Amino acid sequence: MVNLHTSIGKFQFNNPLMNASGVHCMTAAELDEVAQSPAGTLVTKSGTLEARAGNPEPRYAGLALGSINSMGLPNLGYQYYLDYAVAFQAAHPDQPIFLSIAGTGPADYQQMAEAIQASAFTGLTEFNLSCPNVPGKPQIAYDLDTTARILDDLFKVFKKPAGIKLPPFFDLAQFDAMADLLNRYPLTFINSINSLGNGLAIDPATDTALIRPKGGFGGIGGAYAKPIALANVRAFRERLRPDIAIIGTGGVTSGRDVYELILCGASLVSLGTVLQKEGLPAFARLTGELEAEMTAKGYDAIPDFKGALKTL
Ligand code: DHB
């Protein structure tokens, strides 16, 4: 039997798999189902200051090798998820979870950070700087100055374990610049990557975009994203302070994919499109496939191969 234990900072998890924010995490009932699955932890839907209905439907479509979505941050408001997280940790003190937060502008992050700081929540907070789907609002983390301003303000008030969700980057100079910036802050983790922003998928029968918002543009997830996710996790693992852990997200459809994200340096791996398509059984399937891959490679435990990618 292999050991799937992993950790981020002082937080311990008995399985490296979790949901990706946005999938199976809108309501307390969905969150409870992830908690009761083989997943090692969970993250809430990104909560905003006020509840939001999100973009008009259809706003998600499955594709041959993944998915496209432009949900537009539908959520029940950050206070709902904060209340859930506080109640969850009281009932399950040994199961740390992630609270995800998204602003529609820089000031929102500060306000929500103050409220979480003042609350009883002692788990991990993920500040999402990479939502691609709110019409008229660019992804924050593609703007280094705005990112720095948000993090400067945030860490003045926020002293609890914090991480940020990043979009995919595509140039080594971008990895260098973002890692230099992130290394200045007391981050516990980053989560890399969010969806490949603003792709387009077309229905061949009708020549019509598959989703309604933003003229059909939406975030691409699933197998399409795998090489980009591996590269982003690897690039940040090579550049970030060793005490900043990485949650690897993107492109998982098999246990081998989970294994490869860990090989690139991920401490936890989150499931987006595959969880949307297969539902909760994805956690058991991928856990079994990861165990089989570790056994085949002769590894007993995650630290034995985490970050151990070989290059030529
Ligand atoms: C949404 C999509 C994202 O990729 C994200 O990070 C946050 C929100 C959305 O459309 O709801």
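For our numbering, add 14 to where a residue sits in the sequence shown, where the first one is 1. Each residue gets a CB set at the ideal place from its N, CA and C atoms; glycine is no exception. Every value quoted in this text rests on a predicted model; they were computed, and no experiment measured them.
- Cβ atoms of G236 and L87 stay farther apart than 8 Å, at about 20 Å.
- With a contact defined as Cβ atoms closer than 8 Å, N89 and G61 qualify at about 5 Å.
- For A116, the enclosing beta strand (DSSP E) begins and ends at 112–116.
- In the three-state DSSP reduction, Q26 falls in the strand class (E or B).
- A residue is called buried once 16 or more other Cβ atoms fall within 10 Å of its Cβ, and G262 is buried on that count.
- Every alpha helix (DSSP H) stretch that sits fully inside the region 242–304 and reaches 4 residues is listed by chain position as 269–277, 287–292.
- CA-to-CA, the gap between F319 and Q103 works out to about 30 Å.
- Taking 8 Å as the cut-off, the Cβ atoms of G213 and I234 count as close.
- Scanning its chain for C-beta atoms nearer than 6 Å, with the 5 sequence neighbours on each side dropped, one finds around T160 the residues I154, in chain order.
- In the three-state DSSP reduction, A176 falls in the strand class (E or B).
- Apart from sequence neighbours up to five positions away, the residues of its chain that approach M308 with a beta-carbon distance below 6 Å are V16, ordered along the chain.
- Taking each of R270, E140, Q26 in turn and checking the Cα distance to H106, the smallest one comes out for Q26.
- Each residue's CA atom was taken as its position, placing V37 and Q109 some 19 Å apart.
- Taking the C-beta atoms as reference points, N205 is found nearer than 8 Å to L180.
- Here the distance from the Cβ of L201 to the nearest heavy atom of the ligand DHB is not below 7 Å.
- The alpha helix (DSSP H) runs of length 4 or more contained entirely in the region 182–221 are, from start to end of the chain, 186–196.
- With fewer than 16 neighbouring CB atoms inside 10 Å of its own CB, A134 falls in the exposed class.
- For the pair of segments examined, the region 183–197 was found not to touch the region 219–233: the number of CB pairs separated by less than 8 Å stays below three.
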